[in-house]
Amino acid sequence: MAEIINIGAEATVTATEWFGISAISKRRDVKKYRRQEIDEFIRSNRTLKEANMLNRVREKVDVPSIYFVDLRQSEIIMENIDGTKVRDVLTKDESDKAEIGRIIGEMVAILHKNHIIHGDLTTSNMIIRKNGNICLIDFGLSSTSKKLEDKGVDIRLFKGILQSAHNDVFNVVFNNFKKGYKSVMKNSTEEIFSIVKKIEMRGRYARVD
Amino acid sequence: MKTGQICIGLESTAHTFGASIVDADGNIFSDVKDIYKAPKGSGIHPREASRHHSNIANEVIQKALDEAKVKYTELDIVSYSAGPGIGPCLRVGATAARALSLKLNKPLVPVNHAIGHIELGCLLTGTTDPVNLLVSGGHTMILGFNSGKWRAFGETLDLTIGQLIDQIGRYAGYSSPAGATIEKLASESENYLRLPYSVKGNDVSFSGMLTSAKKMIDRGEKIEDVCFSLQETSYAMLAEVTERALSFLEKKEVIITGGVAASTRLKEMLEDMCNERDSKLSVIPRNYAGDCGAQIAWTGILAYNSGTKVSVDESWVKQSWRLDRVDVKWRK
Chain A
0 MAEIINIGAE
10 ATVTATEWFG
20 ISAISKRRDV
30 KKYRRQEIDE
40 FIRSNRTLKE
50 ANMLNRVREK
60 VDVPSIYFVD
70 LRQSEIIMEN
80 IDGTKVRDVL
90 TKDESDKAEI
100 GRIIGEMVAI
110 LHKNHIIHGD
120 LTTSNMIIRK
130 NGNICLIDFG
140 LSSTSKKLED
150 KGVDIRLFKG
160 ILQSAHNDVF
170 NVVFNNFKKG
180 YKSVMKNSTE
190 EIFSIVKKIE
200 MRGRYARVD
Chain B
0 MKTGQICIGL
10 ESTAHTFGAS
20 IVDADGNIFS
30 DVKDIYKAPK
40 GSGIHPREAS
50 RHHSNIANEV
60 IQKALDEAKV
70 KYTELDIVSY
80 SAGPGIGPCL
90 RVGATAARAL
100 SLKLNKPLVP
110 VNHAIGHIEL
120 GCLLTGTTDP
130 VNLLVSGGHT
140 MILGFNSGKW
150 RAFGETLDLT
160 IGQLIDQIGR
170 YAGYSSPAGA
180 TIEKLASESE
190 NYLRLPYSVK
200 GNDVSFSGML
210 TSAKKMIDRG
220 EKIEDVCFSL
230 QETSYAMLAE
240 VTERALSFLE
250 KKEVIITGGV
260 AASTRLKEML
270 EDMCNERDSK
280 LSVIPRNYAG
290 DCGAQIAWTG
300 ILAYNSGTKV
310 SVDESWVKQS
320 WRLDRVDVKW
330 RK
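Read top to bottom, the protein sequences are chains A and B.
Residues in the first sequence are numbered from 0 upward in steps of one, following numbering that gives the first Met the number 0.
Residues in the second sequence are numbered from 0 upward in steps of one, following numbering that gives the first Met the number 0.
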């Protein structure tokens with residue numbers, strides 16, 4: 000039995016080896032609650048999307064390297080990232096929240112500058128390596144788009160998860176996220192962040208009256 | 000015997016006018032409601048719904064007291080649904096509550112309707128720290144309690160699941176709420192037609208599905224097949240985002256609350272999901288799933304005992320009042 004490293008919401012990650020290199024296998028599990036035809040489509044579609052996108056962004060931002068893709072099994076064999084999820088680091092007193100926010104902002108801006116939308120910018124999809132770099136994982140919901148609206152939706156998701164799960168450090172992380180984002184995106188930053196506000200106001204019962 | 004505090008809760012956010020008597024131990028002595036029925040093929044008309052509520056309010060409140068065998072003078076707290084909801088409807092409940100509070104000289108407590116759904120669900124199922132899937136005509140949210148508030152970990156970006164179901168129901172000529180009708184029709188089909196499956200991170204979007212499903216009806220697909228496909232797709236999306244929150248928060252309990260919690264198929268799917276994650280699923284009992292006075296009365300007690308009340312002069316209703324803005328002082 001392979002050692003299970005993580006059971007995520009949609010995939011099981013196990014330790015494996017790829018021609019002598021330590022690696023992980025990420026397999027998108029069959030979901031019994033979904034009808035087979037929906038399930039098969041989603042699993043193979045997201046696996047393909049993830050593999051393609053990881054390949055495409057590997058020279059732009061820190062992402063795991065891919066070794067092998069098996070679409071029939073919805074499985075990707077890729078680099079084993081040695082580190083801790085941002086989700087778990089933000090709860091520790093000694094972590095540098097400002098720097099974490101800044102690095103994430105910079106990475107997301109680099110993706111957006113290349114019209115790539117991550118689609119799932121939650122803090123459990125960001126791993127801090129031992130050397131302090133942050134590795135972005137899980138591109139299964141990613142897409143390409145030039146629309147500022149789509150970039151805004153991407154940022155709103157990150158903002159939302161900070162508010163819900165990391166409320167105590169929200170200000171420092173998000174303000175520095177914006178700084179990092181601005182260092183790459185420059186002038187269009189304000190426009191995109193004003194769209195984020197608009198998207199929030201579109202939320203149900205968000206309007207103040 | 001009623002020994003502790005006794006609270007009356009008035010619910011009037013949308014189509015339901017409800018009154019309920021609950022005590023501080025969580026005993027529900029009565030839960031009476033009367034639902035405004037929109038004509039076939041149309042939705043809630045705010046003026047007509049509020050007219051229905053003001054016509055029926057007296058009778059519903061009296062019945063709630065009679066069934067509970069409680070006299071007006073025995074009430075300790077008066078609570079009302081202060082939002083979110085339809086303005087004219089909210090004002091009927093608030094007006095009745097103000098009158099009771101003034102006449103009896105008892106504290107008046109505004110309650111967030113959505114928090115009411117969650118807290119009543121936790122009370123009735125004995126759930127303590129769940130991921131909450133709140134599904135109704137007004138809400139589609141995945142929530143977890145964290146540092147003083149019920150926080151949204153995912154929600155709909157456009158329509159709620161209840162709106163999706165009701166709008167398809169109306170389009171096909173049935174009256175709202177159409178959940179039970181749609182579920183019955185769906186159970187007569189096994190023929191899946193492909194609909195857009197739209198999960199965006201932790202959020203869902205149903206507007207594309209609504210358009211596609213309407214087009215299917217237009218081009219003459221069997222209504223049973225459309226309903227079946229609609230349920231299979233939309234509920235699978237809800238199961239997925241609930242699983243995402245469960246995994247992110249590393250919790251082991253899920254509770255379904257809100258009117259759509261009455262759906263058998265939704266429960267089945269969530270059960271499959273929870274079983275595979277060694278998590279426990281609870282569903283609010285069917286008779287308390289939809290809007291009711293009990294959710295307001297029980298949350299009214301919790302809120303009052305942690306310091307919430309409002310004077311009649313300063314009492315208010317808010318059509319837009321997000322539940323993740325409410326300080327939940329009674330939970331740790």
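For glycine and all other residues, C-beta sits at the position ideal for the given N, C-alpha and C.
Item	Value
Residue closest to B/Gly137, alpha-carbon to alpha-carbon, out of B/Asp128, B/His116, B/Thr124 and B/Gly143	B/His116
Closer than 7 Å to chain A by CB, B/Phe247	yes
Assigned exposure category for A/His114 - 16 Cβ within 10 Å defines buried	exposed
Beta-carbon proximity list for B/Gly299, same chain, < 7 Å, skipping 5 on both sides	Cys6, Gly8, Ile76, Ser78, Val108 and Val110
Span separating the alpha-carbon of B/Asp290 from that of B/Pro83	12 Å
Sequence-distant residues of its chain with Cβ nearer than 7 Å to B/Ser211 (five each side left out)	Leu194 and Pro195
Contact with chain A by B/Ala235, beta-carbon distance below 7 Å	yes
Residue(s) in a DSSP beta bridge with A/Met125	A/Leu135
Rounded straight-line distance, which links the Cα of A/Glu16 to that of A/Ile4	14 Å
Collapsed DSSP secondary structure at A/Leu281 in the structure displayed	The structure shown does not extend to residue 281 of chain A, since chain A is modelled only from 0 through 208, so no value can be given for it.
Endpoints, the alpha helix (DSSP H) within which A/Leu147 is located	Leu147 to Ala164
Contacting positions in the segment 128-146 of chain A - beta carbon closer than 9 Å to chain B	Leu140
Complete alpha helix (DSSP H) runs within the segment 233-300 of chain B (minimum length 4 residues, chain order)	263-275 and 285-288
Three or more C-beta pairs below 8 Å linking the segment 68-77 of chain A and the segment 87-97 of chain A	no
Residue environment, A/Glu49, which counts as buried when at least 16 other CB atoms sit within 10 Å	buried
With 16 other Cβ atoms within 10 Å as the buried cut-off, status of B/Thr126	buried
Minimum Cβ-Cβ distance from B/Met268 to chain A less than 7 Å	yes
Contact set between the segment 161-184 of chain A and chain B, restricted to residues whose Cβ is under 8 Å from the partner	Gln162, Ser163, Ala164, Asn166 and Asp167
A/Glu98 CB to nearest heavy atom of the ligand SAM below 6 Å	The ligand SAM is absent from the structure shown, which contains no ligand whatsoever.
Helix, strand or coil at B/His112 according to DSSP, with G and I counted as helix	helix
Cross-chain neighbours of A/Lys112 in chain B, by beta carbon under 7 Å	Correct list: empty, because the minimum Cβ distance to chain B is about 20 Å.
Beta-carbon proximity list for B/Lys62, same chain, < 6 Å, skipping 5 on both sides	Val31
Listed by chain order, chain B residues near A/Ala205 by CB distance under 9 Å	Ser319 and Arg321
Interface positions of the segment 61-92 of chain B facing chain E (Cβ-Cβ less than 7 Å), listed along the chain	As a matter of chain content, chain E is missing from the structure shown, whose protein chains are A and B.
Residue environment, B/Gly258, which counts as buried when at least 16 other CB atoms sit within 10 Å	buried
Whole-angstrom distance between A/His117 and A/Ser144, CA atom to CA atom	10 Å
Which listed residue (B/Gly200, B/Val327 and B/Lys214) has its alpha carbon closest to that of B/Phe247	B/Gly200
Any chain A beta carbon closer than 7 Å to B/Glu187	no
Residue of B/Tyr287, B/Ile114, B/Gly306 and B/Ala177 minimising C-alpha distance to B/Trp320	B/Ile114
Within chain A, partners of B/Lys199 - CB distance below 9 Å	Gly118, Asp119, Leu140, Val152 and Leu156
B/Lys214, DSSP secondary structure in three states	helix
B/Gly161 at chain A interface by Cβ criterion, 7 Å	no
Integer Cβ distance of B/Ser262 from B/Glu189, believed to fall under 8 Å	With 8 Å as the limit, B/Ser262 and B/Glu189 do not qualify as a contact, their Cβ atoms being about 18 Å apart.
Separation of B/Leu89 from B/Ser11, as counted between CA atoms	5 Å
Beta-carbon spacing of A/Gly104, A/Tyr180 below 7 Å	yes
Which residues DSSP lists as bridging B/Asn145, in chain order	B/Lys148
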